[in-house]
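Asks:
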Amino acid sequence: AQSVTQPDARVTVSEGASLQLRCKYSYSATPYLFWYVQYPRQGLQLLLKYYSGDPVVQGVNGFEAEFSKSNSSFHLRKASVHWSDSAVYFCAVSIRTGNTRKLIFGLGTTLQVQP
Amino acid sequence: AQTIHQWPVAEIKAVGSPLSLGCTIKGKSSPNLYWYWQATGGTLQQLFYSITVGQVESVVQLNLSASRPKDDQFILSTEKLLLSHSGFYLCAWSHLRGNYAEQFFGPGTRLTVL
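Residue numbers (my numbering), protein chains in the order written: chain D, 1 to 115; chain V, 1 to 114.
1) Looking at chain V, which residues of the segment 21-53 of chain D have a Cβ within less than 8 Å of any of its Cβ atoms?
2) Enumerate in chain order the residues of its own chain whose CB-to-CB distance from I75(V) is below 6 Å, with the five nearest sequence positions on each side excluded.
3) Considering only their Cβ atoms, is the gap separating N63(V) from T78(V) smaller than 8 Å?
4) Run through DSSP, which three-state label would V60(D) get?
5) Kindly say whether F105(V), judged by its beta-carbon, lies nearer than 8 Å to any beta-carbon of chain D.
6) In chain D, which residues lie less than 8 Å from Q2(V) when you measure between Cβ atoms?
7) Verify the contact flag: G108(V), CB atom, against every heavy atom of the ligand PLP, threshold strictly below 7 Å.
8) Can you name, in chain order, every residue of its own chain whose Cβ lies under 7 Å from the Cβ of T3(V), other than the five neighbours on each side?
9) Excluding the 5 residues preceding and the 5 following Q114(D) in the sequence, name in chain order all residues of the same chain whose CB lies nearer than 6 Å to its CB.
10) Check the Cβ of K102(D) against every Cβ in chain V and list those closer than 9 Å, keeping chain order.
11) Does DSSP put H85(V) in a helix, in a strand, or in coil?
12) Would you say G106(D) faces chain V, with C-beta separation under 8 Å as the test?
13) Within the 8 Å Cβ cut-off, does N71(D) reach chain V?
14) One question on the structure: do V37(D) and A87(D) come within less than 8 Å of each other, judged by their Cβ atoms?
15) Mark S3(D) as exposed unless 16 or more other C-beta atoms lie within 10 angstroms of its C-beta, in which case mark it buried.
16) Judging by CA-CA distance, which residue of I51(V), L47(V), A101(V) and D72(V) is the nearest neighbour of S65(V)?
17) Going by DSSP, what residues sit across from E49(D) in a beta bridge?
18) Roughly how many whole angstroms lie between the Cα atoms of F74(D) and L83(V)?
19) By the DSSP assignment, the beta strand (DSSP E) with C91(D) in it spans what residues?
20) Have a look at Y89(V), Q73(V), G106(V) and G16(V) and flag the residue whose alpha-carbon is nearest the alpha-carbon of S29(V).
21) Let me know the secondary structure DSSP gives S84(D) once reduced to three states.
22) Apply the 10 Å Cβ neighbour rule to W7(V) and answer buried if 16 or more other Cβ atoms are within range, or exposed otherwise.
23) Can you tell me the Cα-Cα spacing of G53(D) and F67(D), whole angstroms?
24) Using a Cβ cut-off of 8 Å, pull out every chain D residue sitting near L90(V), in sequence order please.
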């Protein structure tokens, strides 16, 4: 069955430190992968997406993610975090279902950036 | 540019009362539309999707229904709320055709059922 696993429910880092949020997916076909961010009491914003090609994709606000087919992973990275990056981050895979596509989300990782 | 609005921003309702939540997309014709439910502190669960006016497919059964009366409007409703309906409801849209798979989300409606 298709699924997305984010093994870390909560990550705490200091401002200026580097960051990696982990994501593993399970999907037999070619995956379309996404990272979304949710700030408190708001909707989801798309950070970045992977469809094909270069396995490292760049997103907004200095975020990037690397796709690994062999590891079935799509980890999110940032070289230097800012306090405003504190939020919940969701990894998602798009799967084909009937005549449309469906997003399967992980449980999310809460990022807390300490000053 | 496309914009997506949801109303109301928040609702506090009694168990057993009716509910209607709305979503409007401007600047995009014939989008795919989606309703999601998010429990407090939880992940997102897709409830419904629609690829055209008048057609809605149910993904999970939560004693809710959805309708698409106009190309740019998606309505979520129930005649009788349950405590378990509390949470955050998000509307999203995506391109109808092609391989565009990303979905764009609205600001959400927070529902509290007492």
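Glycine included, every Cβ here is placed at the ideal spot set by N, Cα and C.
Replies: Reading from the atomic positions:
1) Taking 8 Å as the cut-off between beta carbons, the residues of the segment 21-53 of chain D near chain V are Y32, F34, Y36, R41, Q42, G43, L44, Q45, L46, K49 and Y51, in sequence order.
2) Cβ neighbours of I75(V) beyond the five flanking positions: G22 and S67.
3) For the 8 Å CB-CB criterion, T78(V) and N63(V) form a contact.
4) Three-state DSSP puts V60(D) in a helix.
5) With 8 Å as the cut-off, F105(V) counts as an interface residue toward chain D.
6) Ordered by position in chain D, no residue passes the 8 Å Cβ test against Q2(V), which lies about 13 Å from the chain.
7) You won't find the ligand PLP in this model; it holds no ligand whatsoever.
8) Correct list, in chain order: K26 and G27.
9) Excluding five sequence positions before and after Q114(D), the CB atoms of its chain that fall closer than 6 Å to its own CB belong to S14, given in chain order.
10) Simply Y34, Q46, Y49 and V59.
11) Secondary structure at H85(V): helix, using DSSP grouped into helix, strand and coil.
12) Yes, G106(D) counts as interfacial toward chain V.
13) For N71(D), the answer is no, since every Cβ of chain V falls outside 8 Å of its Cβ.
14) Yes. Within cutoff.
15) S3(D) is classed as exposed because its beta carbon has fewer than 16 other beta carbons within 10 Å across all chains shown.
16) Ranking the options by Cα distance to S65(V), first place goes to L47(V).
17) What sits at residue 49(D) in the sequence shown is Lys, not Glu. In the DSSP output, where bridge partners are listed per residue, K49(D) has F34(D).
18) Cα to Cα, the separation comes out at about 36 Å.
19) Note, C91(D): beta strand (DSSP E), A87 to T97.
20) Of Y89(V), Q73(V), G106(V) and G16(V), the residue nearest in Cα terms is Q73(V).
21) Residue state, collapsed to three classes: helix.
22) So W7(V) counts as exposed.
23) In this model, G53(D) and F67(D) are separated by some 10 Å (Cα to Cα).
24) Going along chain D in sequence order, the residues near L90(V) (Cβ under 8 Å) are G43 and L44.
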